[in-house]
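**Student:**
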Amino acid sequence: MENESEAVLALNPVTFRYKKKLDPERVLHFGLIAEEVEKVNPDLVLRGEEGKVMTVRYEAVNAILLNEFLKEANLHHS
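Under numbering that gives the first Met the number 0, the first residue of the sequence shown carries the number 0, and numbering increases by one thereafter.
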């Protein structure tokens, strides 16, 4: 998971609101832009039937982030 961990450090978290048509309340969301994530690691996105990037695989991102956290924790406890 070493290469994946290094790549995830290049991700850029963002805040955004969906268009009113999709979310009438326009709730503030926190996340990643799938097209940017694809450039960092294509395995971290899901594609639609036509191959278009649809969404981020947050469960995979979370696992990689946990790996980075554990590496840091081990450095500080050594």
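Every residue gets a Cβ at the ideal spot worked out from N, C-alpha and C, and that includes glycine.
Short of 6 Å in beta carbon distance, which residues of its chain neighbour Phe29, apart from the five on each side in sequence? Order them along the chain.
**Tutor:** Thr14, listed in sequence order.
**Student:** Starting from Val36, follow its DSSP beta bridges and name the residues at the other end.
**Tutor:** None; Val36 has no bridge partner.
**Student:** Tell me where the alpha helix (DSSP H) around Val60 begins and ends.
**Tutor:** Run containing Val60: Tyr57 to His76, per the alpha helix (DSSP H) assignment.
**Student:** Would you verify that the beta carbon of Leu43 is, or is not, closer than 8 Å to some beta carbon of chain B?
**Tutor:** Here chain B cannot be found, since the structure has a single protein chain.
**Student:** Using only CA atoms, which one of Pro23, Pro12 and Tyr17 lies nearest to Val39?
**Tutor:** Cα-wise, what sits closest to Val39 is Pro12.
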